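A quick write-up on the structure given underneath.
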DNA sequence: GTCATGTATCTTAGAACTGAGAAGATCATG
DNA sequence: CATGATCTTCTCAGTTCTAAGATACATGAC
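Chains as they are written, first to last, in the numbering used here: chain A, 1 to 182; chain B, 183 to 364.
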């Protein structure tokens with residue numbers, strides 16, 4: 001976590017990427033591009049702000065955000081191949097090995113062989129892991145609800161629609177680039 | 183970056199936190215909370231997806247995202263105290279020392295004494311640093327505009343308003359918690 | 001069969017941080 | 001001016017993760 005969490009009340013203050021009036025440099029982009037830059041900034045800051053809440057909550061159970069994401073995925077989806085978990089929580093292949101190792105050491109997760117493919121392994125919750133996630137998930141959920149409660153239910157629905165489209169669009173664009181560039 | 187970027191076309195696929203139909207467990211939260219959880223998931227995924235574009239772009243100049251954020255802040259705001267930069271780009275106090283050291287080693291940034299407070303140091307762009315950021319910023323800006331172009335200009339404005347309020351609200355809530363808890 | 005290619009996980013080195021605390025400077029107060 | 005509280009940066013050990021390659025298995029063409 002970032003230290004000096006309050007200092008002078010300007011932590012996480014509004015972005016104002018400096019492109020606007022009062023900048024040390026003249027305007028360099030048109031208004032439309034400026035709005036896109038602002039979107040990128042507020043998107044990152046909102047995510048960081050909510051993430052700080054979630055991380056603090058999860059940390060009280062002795063878990064990192066990423067560890068919790070794995071437990072939650074296994075809880076709600078059942079056992080999954082390591083590669084599936086990896087793509088779902090967006091870490092590298094080395095990262096998923098590292099994380100599952102750590103959860104195994106904590107006794108929360110176990111590896112299981114895959115009968116149809118001897119390269120692959122399942123990750124599955126142990127009884128301890130299932131008990132832990134079942135115990136903390138409800139509080140976790142209401143904690144998130146509180147963290148985003150600045151938006152009304154209707155506004156949250158609008159935000160979900162826009163963000164889902166934004167995310168999907170960015171992923172699709174990245175795939176296009178890969179296909180054209182490679 | 184995460185490897186296996188395409189594999190089976192389901193990377194970054196839609197979240198569906200597993201709380202809905204077909205889950206291995208019964209519904210555990212009400213619809214309102216489920217929508218908040220979904221907001222948290224799509225927020226994180228959208229941020230990650232756009233961030234991947236930005237990081238790839240910036241990496242072509244031999245910079246990390248965080249290094250670029252520092253250069254951009256100094257470019258648009260002029261020299262800043264290390265603590266100001268730290269709060270602006272959201273890293274730890276150790277992190278800002280580390281990052282500025284690295285930018286100094288690259289010849290892009292220099293430290294300057296603060297005449298009114300001998301504890302403090304300014305970070306300022308060197309001519310090389312200024313030339314670099316001036317050269318890459320326009321392309322960077324249009325690259326971001328492209329990454330978020332799935333949303334129309336009007337939708338981007340709506341998203342900015344909602345995300346700004348969401349971020350501010352979450353930060354305010356965190357401060358409340360600190361004041362009550364400490 | 002066997003060869004080439006692709007896939008799934010693991011290993012390793014090291015990059016990019018965080019967190020705790022030290023050291024020095026400043027500020028507020030009596 | 002003391003004295004203590006608070007900043008500001010820096011140090012350093014440790015954590016979390018990435019990238020690249022290794023290993024082992026699978027799959028399809030021949």
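Using N, Cα and C, we set each Cβ at its ideal position, and we do this for glycine too.
All of these numbers come straight from a predicted model, not from anything done at the bench.
Please confirm if residue i has its CB atom under 8 Å from at least one CB of chain B.
{"i": "residue 60/A", "result": "no"}
{"i": "residue 129/A", "result": "no"}
{"i": "residue 152/A", "result": "no"}
{"i": "residue 164/A", "result": "yes"}
{"i": "residue 29/A", "result": "yes"}
{"i": "residue 155/A", "result": "yes"}
{"i": "residue 85/A", "result": "no"}
Taking 8 Å as the CB-CB limit, is residue i close to chain A?
{"i": "residue 324/B", "result": "yes"}
{"i": "residue 306/B", "result": "no"}
{"i": "residue 319/B", "result": "yes"}
{"i": "residue 215/B", "result": "yes"}
{"i": "residue 272/B", "result": "yes"}
{"i": "residue 237/B", "result": "no"}
{"i": "residue 355/B", "result": "yes"}
Measure how close the beta-carbons of residue i and residue j come, nearest whole angstrom, since I'm counting them as under 8 Å.
{"i": "residue 225/B", "j": "residue 50/A", "result": "7 Å"}
{"i": "residue 167/A", "j": "residue 347/B", "result": "That belief does not hold up - the Cβ atoms of residue 167/A and residue 347/B are roughly 20 Å apart, past 8 Å."}
{"i": "residue 47/A", "j": "residue 229/B", "result": "4 Å"}
{"i": "residue 174/A", "j": "residue 234/B", "result": "6 Å"}
Taking Cβ positions, are residue i and residue j nearer each other than 8 Å?
{"i": "residue 342/B", "j": "residue 39/A", "result": "yes"}
{"i": "residue 55/A", "j": "residue 71/A", "result": "no"}
{"i": "residue 79/A", "j": "residue 141/A", "result": "no"}
{"i": "residue 96/A", "j": "residue 73/A", "result": "no"}
{"i": "residue 218/B", "j": "residue 144/A", "result": "yes"}
{"i": "residue 293/B", "j": "residue 303/B", "result": "yes"}
{"i": "residue 170/A", "j": "residue 329/B", "result": "yes"}
{"i": "residue 273/B", "j": "residue 282/B", "result": "no"}
{"i": "residue 308/B", "j": "residue 321/B", "result": "no"}
{"i": "residue 158/A", "j": "residue 340/B", "result": "yes"}
Count the other CB atoms, across all protein chains shown, that sit within 10 Å of the CB of residue i; report buried if there are 16 or more and exposed otherwise.
{"i": "residue 239/B", "result": "buried"}
{"i": "residue 358/B", "result": "exposed"}
{"i": "residue 113/A", "result": "exposed"}
{"i": "residue 276/B", "result": "exposed"}
{"i": "residue 129/A", "result": "buried"}
{"i": "residue 251/B", "result": "buried"}
{"i": "residue 319/B", "result": "buried"}
{"i": "residue 67/A", "result": "buried"}
{"i": "residue 213/B", "result": "exposed"}
{"i": "residue 41/A", "result": "buried"}
{"i": "residue 60/A", "result": "exposed"}
{"i": "residue 172/A", "result": "exposed"}
{"i": "residue 313/B", "result": "exposed"}
{"i": "residue 360/B", "result": "exposed"}
{"i": "residue 203/B", "result": "Bear in mind that the predicted position of residue 203/B carries a pLDDT of just 40, short of 50, making it too unreliable to give a figure here."}
What residues in the segment 280-301 of chain B bring their beta carbon closer than 8 Å to a beta carbon of chain A?
none
Of all the residues that make up the segment 217-230 of chain B, which are near chain A by a beta-carbon distance shorter than 7 Å?
Only 217, 218, 219, 220, 221, 222, 224, 225, 226, 227, 228, 229 and 230 from the segment 217-230 of chain B bring a Cβ to less than 7 Å from some Cβ of chain A.
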